[in-house]
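Numbering (the numbering used here), first residue to last: 63 to 326. The structure under discussion appears below in the form of structure tokens.
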Amino acid sequence: DDNDNPIGRIAAFVEPKYYKTFKQPTGGIGFFECVNNKVAAFLLLDTAREWLAAHGMKAIDGPINFGEKNAYWGLLTQNADYPNTYQMNYNPPYYQTFFEEYGFRVFYEQYLFWRDIIRDADEVFRRKAAILWEDPLFKITSAKGYTDKELAAFFLAVYNEAWGKHEGFSAMRFEQAHKIMNAIHPVRDVRISLFAFYDNKPVAFYINIPELNQIFKHVNGNLNLWGKLKFLFYQKLYGSTTMYGIVFGVVPEFQGKGVEAAMI
């Protein structure tokens with residue numbers, strides 16, 4: 063502002079693998095934050111647009127982030143009065159006005175659903191699950207008692223088969239799957255990381271972790287040594303009352319047969 067106080071930020075970037083998936087070269091913008099000031103917001107967007115144009119881009123996708131769409135992608139347009147969820151953007155309502163008035167239009171819709179875990183599942187889920195449970199070859203187990211390498215092997219088998227026919231899919235390697243399991247290990251609650259098997263072959267997974275923002279709020283955004291100790295303290299003492307679903311997958315052979323109902 064006029065007093066040199068920071069009032070906004072934005073990042074513009076070109077991801078070679080990503081922009082080639084569009085009909086025209088498309089760059090990305092993200093990490094957008096701004097006070098409720100249209101002039102400031104448009105200045106940020108203009109600066110990002112000019113940088114992308116200088117690098118050969120013909121269109122803009124945003125707000126997005128590096129990596130997959132499950133973390134920090136999109137613009138929150140509803141329920142900004144609810145506590146924000148781990149790895150989800152948290153945007154005040156006026157952000158949507160800024161983007162729309164600048165000329166952005168909806169290209170991809172992404173939803174986050176919430177439900178009370180104590181409430182019974184709908185009848186259709188219970189009925190489909192009951193039928194599947196009659197098959198002695200089917201079982202669901204938690205992550206308890208398995209090593210990260212074993213969990214990575216289960217995850218890899220389901221992931222590559224379940225996503226294998228998606229356009230632009232690249233098969234995951236074991237090293238990548240193992241890295242994922244190692245990454246979530248410090249915050250994992252083994253009771254809510256679930257794997258389904260049929261005749262001892264992994265056919266589905268439903269990976270949840272505790273909703274970490276309920277713990278992070280006590281750290282006040284500072285993950286130095288003291289912040290990490292506070293995080294561990296509140297994690298052990300209070301934990302989380304909500305679980306956050308990271309990823310859910312079922313191999314094609316078992317899709318629509320009640321596996322998802324049984325896991326839910």
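Backbone N, C-alpha and C define an ideal beta-carbon position, used for all residues, glycine too.
Check, Outcome
"Local Cβ density within 10 Å of residue 171, reported as buried at 16 or more and exposed below that", "exposed"
"Residue closest to residue 87, alpha-carbon to alpha-carbon, out of 93, 98, 75, 96", "75"
"Close-in-space but distant-in-sequence residues of the same chain around residue 139 (CB under 6 angstroms, 5 per side omitted)", "158"
"Boundaries (first-last residue) of the alpha helix (DSSP H) holding residue 284", "No alpha helix (DSSP H) contains residue 284, which DSSP labels as neither H nor E."
"Cα-Cα separation between residue 270 and residue 65, rounded to whole angstroms", "45 angstroms"
"Residue 210 burial status per 10 Å Cβ neighbour count (16 or more: buried)", "buried"
"Of the listed residues 69, 259, 123, 99, nearest to residue 194 (C-alpha basis)", "259"
"Short Cβ contact (7 angstroms threshold) for residue 91 with residue 122", "yes"
"Beta-carbon gap between residue 70 and residue 107 smaller than 7 angstroms", "no"
"Selection from 97, 255, 263 that minimises the alpha carbon distance to residue 155", "97"
"Assigned secondary structure, residue 116 (DSSP; H/G/I helix, E/B strand, else coil)", "helix"
"Own chain partners of residue 222 with C-beta closer than 7 angstroms, once the 5 adjacent residues on each side are dropped", "233, 234"
"Residue 117 versus residue 84: straight-line alpha-carbon distance, rounded", "16 angstroms"
"Spatial distance of residue 119 from residue 109 (CA atoms)", "14 angstroms"
"Contact set for residue 133: own chain, Cβ-Cβ below 7 angstroms, skip 5 residues either direction", "127, 149"
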